[in-house]
Amino acid sequence: MTVEIRERPFDPWQAVSEYRSTRLASVKCGASAVFVGTMRDFNEGDEVKAMVLEHYPGMTEQQLEDMRSEAVSKHGLEDALVVHRVGTVHPGDDIVLVAAFSVHRKEALAACREMMETLKSTAPFWKKETLAEGERWVERNTPG
Amino acid sequence: MTINVRFFASLRERIGHATLTVQADGIASARDVWKAVSGESPDEEMLVAINKEYAGLDRAVADGDEVAFFPPVTGG
Numbered sequence: 069m070t071v072e073i074r075e076r077p078f079d080p081w082q083a084v085s086e087y088r089s090t091r092l093a094s095v096k097c098g099a100s101a102v103f104v105g106t107m108r109d110f111n112e113g114d115e116v117k118a119m120v121l122e123h124y125p126g127m128t129e130q131q132l133e134d135m136r137s138e139a140v141s142k143h144g145l146e147d148a149l150v151v152h153r154v155g156t157v158h159p160g161d162d163i164v165l166v167a168a169f170s171v172h173r174k175e176a177l178a179a180c181r182e183m184m185e186t187l188k189s190t191a192p193f194w195k196k197e198t199l200a201e202g203e204r205w206v207e208r209n210t211p212g
Numbered sequence: 109m110t111i112n113v114r115f116f117a118s119l120r121e122r123i124g125h126a127t128l129t130v131q132a133d134g135i136a137s138a139r140d141v142w143k144a145v146s147g148e149s150p151d152e153e154m155l156v157a158i159n160k161e162y163a164g165l166d167r168a169v170a171d172g173d174e175v176a177f178f179p180p181v182t183g184g
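Each protein sequence line maps, in turn, to chains A and B. All residue numbers for the first sequence refer to the working numbering, where the first residue is 69 and numbers rise by one. All residue numbers for the second sequence refer to the working numbering, where the first residue is 109 and numbers rise by one.
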């Protein structure tokens, strides 16, 4: 599996390291481009204490896999890895990992950014924030 | 015709259900499904998936389809 939905906290740096050592023909990959998204403790001027990440089981995984395979094909990547949290997360928790592996840096960097933007705009995830007083849905993502 | 309808995030809370089954004749499109479950016209920003693939509101639906309605996505 190179697309994973995790219900428990994960260490993205360990995930990349393990992936490179166990799954990747890393002698071919001169470039690893990695994006990690982490929960902030503020949004739109308010302190955020926690957040629940919801997804659409089945569709979300398929969207991520389509995105991943398209990026591999378009950019000629050696491989790519996508991990996303669901469930309750707290400030400082890592939410998303996108890693692109290629022979040279140009392809890995472009693919990593492109996958992240595609994920943000198409992958069925939703965030509900817990504030000091009450809860609210995040209505849209910030522009990339 | 039987349509399995799913709602996510704020739309689930608005409708008050995560899933509903709609059994009705005269439903041709996802837009018709939304009207049947909500009694309202769809919001401009609302997203639709049929059988777990994105679809337009006017996409035809068939007996047994899973039709999902949800707000703009906010992952990552």
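Where is the CB? At the ideal position from N, CA and C, for every residue including glycine.
- Exposed is the label assigned to P211 (chain A), since fewer than 16 other Cβ atoms lie within 10 Å of its Cβ.
- Taking a C-beta distance under 8 Å as the contact criterion, V206 (chain A) and T182 (chain B) qualify as a contact pair.
- By the Cβ criterion, the stretch 158 to 176 of chain A is in contact with the stretch 101 to 121 of chain A, since at least three pairs of Cβ atoms, one from each stretch, lie closer than 8 Å.
- Ranked by how close their Cα comes to the Cα of A168 (chain A), the residues A:Y124, A:E122, A:M135 have A:M135 in first place.
- In terms of beta-carbon proximity, P150 (chain B) stays away from the interface with chain A, with every pair separated by 8 Å or more.
- For A163 (chain B), no chain A residue has a Cβ inside 7 Å of its Cβ, as the nearest lies near 11 Å away.
- Within the same chain, Cβ atoms closer than 8 Å to the Cβ of V84 (chain A) are found at S100, V102, L149, L165, A167, the five residues on either side in sequence being excluded.
- Contacts between H152 (chain A) and chain B, judged by CB atoms closer than 7 Å, involve G183 in chain order.
- By the rule that beta-carbons nearer than 8 Å mark a contact, A117 (chain B) touches chain A.
- Contact between the stretch 76 to 91 of chain A and the stretch 122 to 137 of chain B is not established, with fewer than three Cβ pairs separated by less than 8 Å.
- DSSP places M183 (chain A) within a helical segment (H, G or I) once states are collapsed to three.
- Per DSSP, reduced to three states, the secondary structure at M127 (chain A) is helical.
- Contact check between the stretch 136 to 144 of chain A and the stretch 179 to 187 of chain A: three or more CB pairs, one atom from each, fall below 8 Å, which counts as touching.
- Burial of P179 (chain B) is indicated by the presence of at least 16 other C-beta atoms within 10 angstroms of its C-beta.
- Listed along chain B are P180, T182, each with a C-beta nearer than 8 Å to that of R208 (chain A).
- Less than 8 Å separates the beta-carbon of G160 (chain A) from that of M107 (chain A).
- The beta-bridge partner set that DSSP reports for S137 (chain B) consists of B:A168.
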